[in-house]
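See structure below.
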Ligand SMILES: [Zn+2]
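Numbering (the working numbering), first residue to last: 1185 to 1666.
This is how it looks when you write it as C-alpha cells:
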C-alpha cells in the first residue's frame, strides 16, 4: 500500500512592536529576567488589558499580503490552561472570530508554483518562559516574554511533502520579513513552527490520524522531522497498527520524534470571549491605510529585477528570496551598474563563503563579511580592466577576510593587471624563445598550442597580464609582426 502524506503548518511569528500586546512593557529580547514586566503581563488580579494598535496594523498587513479576508469585527478569547509561565491561568488569543481568514500564498517548489491556502491568522499573547536547566530541584520563571505579541498563521493541510513544507515556510518567513513585522529568527524563537502530519492510503480522501510535531527550530529540522514522521506513520499502518493523536517532540540529536503528550482538543481549553476586551472593529479606512503602506512584495520585486536589470528568472528568484539580499544587490548596483556581474558574485562567491561559514541560516546580511560597496568596487575594477577576473577571485577572498576595500588591497599588493605594451612584449618574447617547439607546431597549423602559449605568458606575469592584450600581442608576434 502506498500512502499520501497530508501536512499542515502552524506558525507563530513574534511581531516587531516596541511594546507588548496588552501593556506598555518593552518586547526587547535578552533583558534581565522579569525586568520587562508590569501588573498586566505578570497577571495580577484586577488589571485590564489595553490592545496595542500596532499589533492590529501588523495583523492586517500580514492578512493583506497573504490575500486574506480581513474581518470587520473580530474578538479576543481566553484560552484556559494552567502552566507556571502563564500566571493568569489563560492566554488571550482569538478563537471563533480571528482577524484574517481564507488567504493563500503561492510557493515556488523546484520551479513549480504551488498554492497553499491560509486558514486563518490570529493575534495572541505569548507566554513566559520556564527555565529548567539549573542545578537543583527547581525551575525558574521569566515573564519578560509574557504578553509579547504573536501572529498565529495556520495553513490548510495542502502540503504533501517535507520539501513543500520547507518551501512554504521559507516563503512565509520571507513575506513577513518584507513586511518588516517579524524578524524571522528561528533560533531565538521569534518564528516558530508546529507541523501537523498524517498519511492516508493513496487515492482516498478521508484524513488519517494526525500527530503534531514541536521543537522544530530550523528549516532543516522541519523537513527532517516531517520526513521521519511520514515514514513512521506509514510503517505503523503497514504493519496493521494504529496511530494515536498526540504531540511529539523532534529530537535533533537522535533525529527521531518522541511522544510528548496526547493531543489536547480545542474543547479542553474552554475558550470563551474575553470580557475585558471589546470586539475589534476594523473599518475600510483602516484597511486602506494599511494597504497603502504595503512594501513591494517578493513576487513583484522578482518581476522587477527581471524587467529592470535584465536578470534571468533564476538570479532574480534567488536574490529576492530575502529582502536583505535584494537590498544588498540594489545597493551594489547603485554604486556600479553591472547587474549581471554583481548577481554572479553574490550568488557564486558570496553564497559559497556564506555556506562554508554556515551563515546562510543567519538572519541579517549585516552579519555576513561583505559590503555592497566593496562588491560593486570589485566588479568595477574588473570592468575597467584594472584587475583580471582571476585576480579578482583572490581579492574577493581577501576582502572577506579583512573587511578592507578591494582598491586598497589591489594597490597595496600591486595586483593591477599589466596592460603596458612593452612589459607584455618582453614577456611574450621570453615565452616564445623558451618554447620554440610549440611555436613551430603552431606555425605548422596546430592552433591548440596557442592556448598553452597564452598560459605561459600569464604564468610569467603571475596571472596579472591582461589576457586580451596577451592574445593580440602573441598572435601578432607569431605571425611575424613587430
Ligand atoms: Zn507589562
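The beta carbon of each residue, even a glycine, is placed where N, CA and C say it ideally should be. Remember, predicted model here, so these are calculated numbers, not experimental data.
Are residue i and residue j touching if we call contact CB-CB under 9 Å?
| i | j | result |
| --- | --- | --- |
| residue 1196 | residue 1334 | yes |
| residue 1368 | residue 1401 | no |
| residue 1417 | residue 1383 | yes |
| residue 1282 | residue 1255 | yes |
| residue 1188 | residue 1379 | no |
| residue 1271 | residue 1363 | no |
| residue 1343 | residue 1377 | no |
| residue 1305 | residue 1320 | no |
| residue 1530 | residue 1512 | yes |
| residue 1276 | residue 1458 | yes |
| residue 1584 | residue 1554 | yes |
| residue 1246 | residue 1365 | yes |
| residue 1601 | residue 1650 | yes |
| residue 1268 | residue 1323 | yes |
| residue 1406 | residue 1355 | no |
| residue 1331 | residue 1273 | no |
| residue 1718 | residue 1250 | Beyond the ends of the chain as shown, which are 1185 and 1666, falls residue 1718; an answer cannot be given. |
| residue 1454 | residue 1294 | no |
| residue 1599 | residue 1586 | no |
| residue 1381 | residue 1430 | no |
| residue 1662 | residue 1627 | yes |
| residue 1523 | residue 1493 | yes |
| residue 1348 | residue 1509 | no |
| residue 1339 | residue 1301 | yes |
| residue 1231 | residue 1239 | no |
| residue 1582 | residue 1615 | no |
| residue 1638 | residue 1623 | no |
| residue 1346 | residue 1307 | no |
| residue 1481 | residue 1433 | no |
| residue 1643 | residue 1575 | no |
Would you kindly report the start and end of the unbroken beta strand (DSSP E) that includes residue i?
| i | result |
| --- | --- |
| residue 1432 | 1430-1435 |
| residue 1444 | 1440-1446 |
When DSSP builds the beta bridges, which residues end up paired with residue i?
| i | result |
| --- | --- |
| residue 1395 | 1381 and 1430 |
| residue 1196 | 1336 and 1376 |
| residue 1306 | 1336 |
| residue 1400 | 1377 |
| residue 1191 | 1343 and 1381 |
| residue 1296 | 1293 |
| residue 1301 | 1288 |
| residue 1203 | 1210 |
| residue 1602 | 1649 |
| residue 1465 | 1257 |
| residue 1456 | 1262 |
On the DSSP letters alone, give me the boundaries of the alpha helix (DSSP H) that residue i sits inside.
| i | result |
| --- | --- |
| residue 1573 | 1573-1586 |
| residue 1642 | 1633-1644 |
| residue 1528 | 1523-1529 |
| residue 1315 | Here residue 1315 belongs to no alpha helix (DSSP H); instead the beta strand (DSSP E) covers 1313-1315. |
| residue 1541 | Looking at the DSSP string, residue 1541 is not in any alpha helix (DSSP H), and its letter there is neither H nor E. |
| residue 1470 | 1468-1475 |
| residue 1566 | 1556-1567 |
| residue 1590 | 1590-1597 |
| residue 1388 | Premise fails: residue 1388 is in no alpha helix (DSSP H) and is neither H nor E. |
| residue 1623 | 1620-1627 |
Self-check item: Chain-ordered residues, beta carbon under 5 Å from a heavy atom of ligand 1
Solution: Result: 1207, 1209, 1222, 1224 and 1225.
Practice problem: Could you tell me which uninterrupted beta strand (DSSP E) segments, each at least 3 residues in length, are contained entirely in the region 1318-1372, listed from first to last along the chain? | Solution: If only complete runs of 3 or more residues are kept, the region 1318-1372 shows the beta strand (DSSP E) at 1324-1326 and 1333-1339, in order along the chain.
Practice problem: Jot down the residue ranges of each uninterrupted beta strand (DSSP E) in the region 1239-1294, minimum 3 residues, whole runs only, in chain order. | Solution: Entirely contained in the region 1239-1294, the beta strand (DSSP E) runs reaching 3 residues are, in chain order, 1261-1264, 1274-1277 and 1284-1293.
Practice problem: Output the residue ranges of the alpha helix (DSSP H) runs that lie fully inside the region 1479-1518 and measure 4 residues or longer, sorted by chain position. | Solution: 1482-1493 and 1497-1503, all fully within the region 1479-1518.
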